[in-house]
Every structure is written in structure tokens, then in C-alpha cells.
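J.:
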Amino acid sequence: GSQQQKGVRMILIGPPGAGKGTQAPKILERFNNCVCHLATGDMLREQVTQGTDLGKQAKQIMDQGGLVPDEIMINMIKDQLENNSSCRGGFILDGFPRTTPQAEKLDEMLKSKSQKLDHAVELKINDSLLISRITGRLIHPASGRSYHKEFRYVHVNTLLTEEELICVVFFSPPKKPMKDDITGEPLIQRSDDNAETLKKRLGTYHAQTAAVSGYYRKQGIWCKCSALEPDVRLLTFSSTPTAPVDASQAPDVVWSSISAIFEQKKEK
Ligand code: AP5
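Here full-length UniProt numbering is used: the sequence shown runs in plain steps of one and ends on residue 326.
(1) Compare the C-alpha of His198 against each of Asn184, Ala161, Met236, Met167 and name the closest.
(2) Can you give the Cα-Cα distance for Pro240 and Gly202, rounded to whole angstroms?
(3) Please find out if some non-hydrogen atom of ligand 1 comes closer than 6 angstroms to the beta-carbon of Gly79.
(4) Shorter than 6 angstroms, the distance from the beta carbon of Ile119 to the closest heavy atom of ligand 1, or not?
(5) Report the option in Cys94, Ala285, Lys84 whose CA atom is closest to the CA atom of Asn184.
(6) Where do the N-terminal and C-terminal ends of the alpha helix (DSSP H) with Lys114 fall, by residue?
(7) Whole angstroms are fine: how far does the CA of Glu104 sit from the CA of Phe320?
(8) Which first and last residues belong to the beta strand (DSSP E) in which Val179 is found?
(9) From the DSSP output, read off the bridge partner residues of Lys237.
(10) Of all the beta strand (DSSP E) runs that stay within the bounds of the segment 71-103, which reach a length of 3 or more residues?
(11) In whole angstroms, what is the alpha-carbon distance linking Lys78 and Glu129?
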């Protein structure tokens, strides 16, 4: 109905590096910033920065790739949904729920307000592609903008013609090394963005969070989108490129498939 165009209540599910934090701002814009974006990882890192007791406890868990206890996370979200006025029009939950009990509690919370979720969107991607995304990720903490240390090319195939078929993994490095493009402020690397912790985060995801998809699938609000594009695109070059390819014109296929979900629902 028309309500759908104004706001949305949805969650983003996906392994570390799938692009939840990359896509959420686009969804916000799609809904004219009238919904809130709650990223539980960002909220926890804020606590770490402030040096609170919760922050101290959370840092240890996060650096080990584990999950912060359900009760803490549920209360954190509950507090936001009840008291954050920017959540009035709806919300995008990014990183929550991560366990079935968290999903159940969220349902209870919404039910008590006669609300329900519109969509649970899962970003699907192969684990092996996440390693380079995460270990090279650079973040501008104040804005949440993320970059990548490098651009790079991976050869997949040599074609039948004289042209080489190259599989391009597109990353966006900052214009100046380790500096935010817009403010010039330094970029940082998250302490859990190393290969070892990532392996544990992926393990935790498959052991505990993957079940959350099944939970929403049963409710009929689950849909999956490939999180692969546009980083791996097949492009043809007559020789190996020596400078970054301008990928800004590349279609953002991930966003196209997410936004299509909202359009489908609208037509009903
Ligand atoms: P959290 O902060 O949620 O981390 P995460 O789930 O591991 O997700 P990331 O932020 O790493 O990845 P993302 O999907 O947002 O990817 P991004 O868009 O940045 O959680 C951290 C920790 O907090 C957890 O491990 C846990 O301990 C704790 N926690 C949080 N919530 C909890 C909960 N509910 N319960 C219990 N514990 C909780 O993209 C990654 C990179 O890839 C970027 O460099 C980006 O530029 C690039 N990129 C994105 N999309 C593409 C694309 N299509 N092509 C090429 N590059 C791309």
C-alpha cells in the first residue's frame, strides 16, 4: 500500500563484508531518510570508544569473533526502537538479529506495538571472496565511509580471441593513502578485520546467524540478493590494465536487486 513508500521495517542479514553497511545508506536514501539505520556493530564500537563497561566486555568478544550476549543486544535495540525518534518511520537493522532468540524477541517487541517486519534481506556471497574485502578495508570512523587499501585484478581466463578476459575485483582505494576523501582525516583499520579473527567471525556466522534466514523464510518475508556484484565483473581488455578501471559507471547490481524488492511489494 501507500504506507510502503513512506517507511519500511527490515533487516539485513549477511556475513562480515557482505556489504550490509555499504547498502544501508542507499536504502535510507530510498526512503528519504525517514527510517533509522541501526548497526549493532557500530553501536558496540561506540561503547568501546567511550570506554564503558559494556565496551570493555564487547571489545574482547568482538576481537575473538564471537557474539555479545543476546540479552545485551536485545535491550540495545529495544531502547533504540522505543526512544530514538528517527525510528518512528521504520528501521533498517544491520547486524541484528544474529541468533534465533534475538529474532524471536524482535518479533515480540514489534507485536506488542502491532507492527511487523516487511523484509528480511540476505546478502549472499562466497566466504572466499570476503577475505580480501575485509582484510583490506579502511574506515573513516566519524562518517562510517569505507575504502579499500588497493585495487587489483585477478586473471580468470585467457580467451579464445586475442583479447584477454580478466576478472576484475573492484575495490575503492582512497584518493590519498590512509586519508578520507572528503575530510582528509585519517582512516583506520578495525581491530577485528584481520584474517584470523575473520575466520572466527565467519564460523560464528555459519553456526549461529545462518539459522536466522530460515526463521524469516518460514515467515515468508525472506529474500536473498547476490552480494557479489559489482566487485567481480567480467571485463575484456586488449592488455592488462595498469591503472584502476573507472568502476563508478558500473551498475550497482547489489543495489538494483535490493531496490527491486521494495518495488515488488508496492505493486501488490
Ligand atoms: P558488525 O559491525 O555487524 O560486523 P560484521 O557483521 O562482521 O559486518 P561488517 O561491518 O564487517 O561488514 P558489512 O557487511 O557491513 O560490509 P561492508 O559494507 O563494510 O559486528 C561486529 C561484531 O559485533 C560481531 O562480530 C559481534 O561480535 C558483535 N555484534 C554485532 N551485532 C551483534 C548482535 N546482534 N549480537 C551479538 N553480537 C553482535 O563492506 C565490507 C568491504 O567490502 C568494504 O571495504 C566495502 O567497501 C566493500 N564492499 C562492499 N560491497 C562491495 C561490493 N559489492 N563489491 C566490492 N566491494 C564491496
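Where a beta carbon is used, it is the ideal one built from N, C-alpha and C, also for glycine.
T.: Quick look at the numbers:
(1) One-based indexing of the sequence shown puts residue 198 at position 140. Nearest C-alpha to His198: Met236.
(2) Translated into the one-based positions of the sequence shown, residue 240 becomes position 182. Translated into the one-based positions of the sequence shown, residue 202 becomes position 144. Here the sequence assigns Ile to residue 240, which means Pro is not the residue at that position. Cα to Cα, Ile240 sits roughly 12 angstroms from Gly202.
(3) To locate residue 79, count along the sequence shown from 1; it is residue 21. Yes; taking the cut-off as 6 angstroms, the Cβ of Gly79 has a heavy atom of ligand 1 nearer than that.
(4) As a first step, residue 119 must be located in the sequence shown, where it is residue number 61. Indeed, a heavy atom of ligand 1 lies less than 6 angstroms from the Cβ.
(5) Translated into positions along the sequence shown, residue 184 becomes position 126. Cα-wise, what sits closest to Asn184 is Ala285.
(6) For the purposes of this step, residue 114 is taken as residue 56 along the sequence shown, with counting starting at 1. It spans 111-121 - the alpha helix (DSSP H) in which Lys114 sits, taken as one unbroken run.
(7) Reading the sequence shown from its first residue, position 262 is the one you call residue 320. Reading the sequence shown from its first residue, position 46 is the one you call residue 104. The straight-line gap from Cα to Cα measures roughly 31 angstroms.
(8) Taking the sequence shown and counting its residues from 1, one reaches residue 179 at position 121. Start and end: 177-182.
(9) As a first step, residue 237 must be located in the sequence shown, where it is residue number 179. Note: Lys237 sits in a beta bridge opposite Pro244.
(10) 94-97
(11) Start at 1 with the first residue of the sequence shown, and residue 78 comes out as number 20. Start at 1 with the first residue of the sequence shown, and residue 129 comes out as number 71. Cα-Cα distance, rounded: 23 angstroms.
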